[in-house]
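I have placed the structure first, in the form of structure tokens, so that the comments after it can refer back to it.
Residue numbers (the numbering used here), protein chains in the order written: chain U, 1 to 680; chain Y, 1 to 680.
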């Protein structure tokens, strides 16, 4: 058969890719098990993902050609079909499958914020309120959202302006959007779907302000879905990604709701308007932390893993230019510059994966303590998760974009899968706490620890290094000395220590010379962010290095992960060299050794590159990438996908056409040019 | 009138923005004139842009809501309406207006590659060929494209696989796509529009291969626009941006074209199949350089200027969180971390603007030399433009994305204008030469210069510093010493010198120890790229500092531009500190001084921030940003734009709806839930 009629289906793997898999230095399946958390976890994941992907209702085959409306409809359809599927398969709503289903659906799912609505009522409502609202929501008699962010207010919750004023004469709250900046903006599912919302508003009663509280407000009719009187609601419009989500806006003009619609588990307004607080809602603060912990593994790391899989496989298939004169064009993965782009990112995937597991374990420890009313470790957990969220979302987003660019022109096609990965994951730098704000929160904790240590106070484990001045300087005398976690961990520790110390000292001296505290803080904030980054970076390298210790019974895997850990650490020193050199811990000569060791690792790890991304174990359907398919037939994929583009059907004489081209078709070029010359 | 009924139209400027413009330290208009290149240039630009923008046919008002097909149609319409407009206004096709029109249309224009088709014929065709084809193309009797890039081949032209085999028996060429990787891929206007293409193909005659040559191939019928027999052609599908452009693919299966369709200005096949070369086509090489020179100013810098305008204005209006306890929420521009994100980018705009002017001037000098058959300066120009293209596209693309993220959640909405700016400008890192490849070309020139200097050869001006070892070390003893171009220029010079030197030394030692030349090159390529970056960075700082000298008669403007130049230079040292510290030219203590001086400049330049972006002089229609409008009514803009979203019309009971919501409307939620429960 002629090549232009062949499709990639049913063909052998591209030899350029199978040769990469010929003689693995380690057992790929065993590495997959480590990433999944165990053999059984791998089995379950494959079973669930497989069941989802083979169901044609969930097919994402034409995703890149769909409009926003079609994506929205598809997500709604997927949501309800998922429920049906779960019943069929006997999967529990609270079982381990749900995360895996989300993974398989790649975000094409609706009513996510309806679920937050449900959780908010469960967490913040009284037993009576839960009994009243939950069945309605769980049976989709009402569809909810969680309306917190406003046009003028995001990360800074105390600034929210929506008001809820108690009217004792009618026993109602008046919910109002007092000015434009108070317009609710961004809530998912609100644009088109929701009938109700949990609205966060400033509570006023008897002329006194009591801060943010949650209220249930109906926004659309249950009869015809039209906005209720006094409500202006709609979709906020197109975003950089999240095409399937109807993020919405909401203006409420003196809407009256019954007193019972204030979710009152932790505080209540009595009929006379007096305000009663009961118990501590500290544990709710935890929800935010939980979301950040979850984000690391699910959205952020997954995006980078997929991008690495796509770009590494493509780099083993794509041939370009000339390396050895006269030879065949080499795979682009042979170029040191390509290895430098991709291999540190593969290492980052493993580093972040181990870190996410570590953070998750720590989170559950703290959670048990808190359930026993012990809140001691909460500040450390908060600082850890804030810094890690900011650090990981930044490196993973930037990393996806590096992968995309490393695929050249084809990386710019939606078919590569890479543009969609980037435009989506980059949002994580902003939502759930803007990254700079989060780094400054972590920095505040670091400064507090550093200052405490000066006063002899004990420090929590993750910041214990701030009490020791750090010894001498780096001892390395040859490049190979840097292939030792002890050596580079000390360098990372000293870097973090010196940046925290220098920021603390600067603030202190500013205050001593008469600056107000808040100004001293602001004028040090660039350096504080650097300190938080260095701290998080250190913890990640440390976590990665510690994870190696658990692998003594799998020497092959330990060996390759050790190389990756070294690469991750040395790449960090190579690219942030200034921090390591500035205080003299690493010398210029030692940095040359780092460079040598680092570039040597690139060449070594190049051999394992494809296997290391194979271990992430994404199916072609999950990757949705013409460049990333397991069999490596990238050009056939691109051509096939282009040919199934519905737009191309239109070009053929049979299809429906746009105005200009139908002119071509019906009466030839002359008529087209008559149309054109109307203008020209 | 209630606030929710007010629009931004006709209102005074937001006081938060007008206060920024109250007491300018310099004349904004005069700065605009400098950027434009003169008073008359500013006047002309405003006249042209104004005329275009007030024409409703060109309106981009609903751009963010449009589908790819609508964007394509709109671009076709704009193209022909532009021609009409030019006639009306008396603007010449070759006049200075054309660039300005493109600026005003913001890329919504078609047939760009048809123009390349026209230029290729003019440049590469014989007089007879020009006389035959040009009138057809100029009158749109045929629509052309330029088909060079293939599925398997981009930057490396020699690898192209399409063949053109001369058949003396019929005096025809047989154009063929011998395998899938030879499929033409990416040409603009090919997807739906073109009838003809200039196809680049490997010429074979009498069994001998003669390399790449251009051929005119008809691809679609002039009767009904259907693909001709043997031709498979279509749109390559959705990309990260460029929605209005129909990039296409093309497969040619043994297509026969007349011998005369080979464009033969520089080489020809005689009837017996013998090949004749005439004259030098070196000057054509120049076209590529011209495109890169032009890119800097037009696509790349414009994107960053717009992004800075939007994000700086928004930062002067957006209020968030708490700085001084108890005070009103401050403008986010007051935060040092926000200044650190945006102000170095504003400085980058000015730096790149002066550099683009410098490169352009140099280009024209070399062009005159070349017309006199003097090719001596061509390698320097090539190295300069390759490095600058790579450097500038990278910093401008990354910069746009920093601006976008600095606008928080609203930066993620298409209404901010920022996502579209980014997804478009980032393509410039790949097209017209992939950046890493270009940096390596520049590095090759640098190594050659460095090696030549060792042998006592004279060096061209831009690399003259490679012959001098660079003196002592940095002399600065206090932060203020770094506010001196002489001081930081020497540091940049030494950085570039030491990186080139160390790469050259490494290669030399690898070769000495037995490595083949090509392996030594590949194993040094990460460091070579660093050297090229350092070289380009140095030239930009130097150009910026030199530009200050011409401003002695405008002391206020000179003062603010001096601060910007200092900021640009010190930000570079602060963020690439490792390069400056590694070889000891700058000490750790001096880096502290750099930090102090740099952060001090942020605070100073914060006062001028809005005026510095006002000077870029973009109209609201050009920015197409809810966040960036001159009057600063960002929240009104966002709400107005959301409300004019056609999707929202659908949600009201009157509009057309999608399946699920029309169920809501017609028979209430019950029916919706019946639909849903089919699945659930």
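Virtual Cβ for every residue (Gly too), placed ideally from N, Cα, C.
Since the structure is predicted, the reported quantities are computational estimates derived from the model, not experimental observations.
Along the segment 177 to 192 of chain Y, the positions whose C-beta sits under 7 Å from a C-beta of chain U are 179, 180, 181, 183, 186, 192, read in chain order. Taking a Cβ-Cβ threshold of 9 Å, none of the residues of chain Y is close to residue 360 of chain U; the smallest such distance is about 27 Å. For residue 4 of chain Y, the nearest beta carbon of chain U is closer than 7 Å to its own beta carbon. Around the beta-carbon of residue 425 of chain U, 16 or more other beta-carbon atoms lie within 10 Å, marking it buried.
The alpha-carbon separation between residue 42 of chain Y and residue 36 of chain Y amounts to approximately 6 Å.
When beta bridges are read from the DSSP output, residue 397 of chain Y appears opposite no residue. Here residue 235 of chain U is bridged, per DSSP, to U/248. Secondary structure note for residue 267 of chain U: its beta strand (DSSP E) is the uninterrupted segment 267 to 269. Each residue's CA atom was taken as its position, placing residue 419 of chain Y and residue 413 of chain Y some 7 Å apart. Residue 277 of chain Y is classed as exposed because its beta carbon has fewer than 16 other beta carbons within 10 Å across all chains shown. Under the 10 Å beta carbon count, residue 292 of chain U is surrounded by 16 or more other beta carbons and is classified as buried. Excluding five sequence positions before and after residue 443 of chain Y, the CB atoms of its chain that fall closer than 6 Å to its own CB belong to 528, 531, 532, given in chain order. For residue 30 of chain Y, the closest of Y/628, Y/624, Y/333, Y/617 by C-alpha to C-alpha distance is Y/617.
Note on geometry: alpha-carbon atoms of residue 232 of chain Y and residue 144 of chain Y lie some 16 Å from one another. The continuous beta strand (DSSP E) containing residue 173 of chain Y extends over residues 172 to 176. Secondary structure at residue 633 of chain Y: coil, using DSSP grouped into helix, strand and coil. Taking 7 Å as the cut-off between beta carbons, the residues of the segment 506 to 526 of chain U near chain Y are 518, 522, 523, 525, 526, in sequence order.
Within the segment 529 to 557 of chain Y, the residues whose Cβ lies closer than 8 Å to some Cβ of chain U are 529, listed in chain order. Under the 7 Å criterion on CB atoms, residue 369 of chain U is classed as non-interfacial with respect to chain Y. A direct Cα-Cα distance of roughly 55 Å separates residue 176 of chain Y from residue 187 of chain U. Here residue 163 of chain Y is bridged, per DSSP, to Y/176, Y/202. Closer than 7 Å to the CB of residue 419 of chain Y there is at least one CB belonging to chain U. Annotated three-state conformation of residue 211 of chain U is strand, per DSSP. Not one beta carbon of chain Y lies nearer than 7 Å to the beta carbon of residue 174 of chain U.
Between residue 14 of chain Y and chain U, the shortest Cβ-Cβ separation is not below 7 Å. For the options U/593, U/649, U/328, U/55, the alpha carbon positioned closest to that of residue 475 of chain U is the one of U/593.
In summary, residue 477 of chain U is exposed, with fewer than 16 beta-carbon neighbours lying within 10 Å of its beta-carbon over all protein chains present. In its chain, beyond the 5 residues on either side, no residue has a beta carbon closer than 6 Å to the beta carbon of residue 138 of chain U. Between residue 261 of chain Y and residue 216 of chain Y, the C-beta spacing is below 7 Å. Judged by DSSP in its simplified three-state form, residue 140 of chain U adopts coil rather than helix or strand.
Considering only beta carbons, the part of the segment 619 to 638 of chain U lying closer than 7 Å to chain Y consists of 635, 636, 638, in chain order.
Per the coordinates, the alpha-carbon of residue 304 of chain U lies some 17 Å from the alpha-carbon of residue 408 of chain U. Contact with chain U is found for residue 240 of chain Y, since one of that chain's Cβ atoms lies less than 7 Å from the residue's Cβ.
In this structure, residue 642 of chain U sits near residue 236 of chain Y, with a CB-CB distance shorter than 7 Å. Counting the other CB atoms within 10 Å of its CB gives residue 311 of chain U a total of 16 or more, which places it among the buried residues.
By the 16-neighbour rule on beta-carbons within 10 angstroms, residue 552 of chain Y is exposed.
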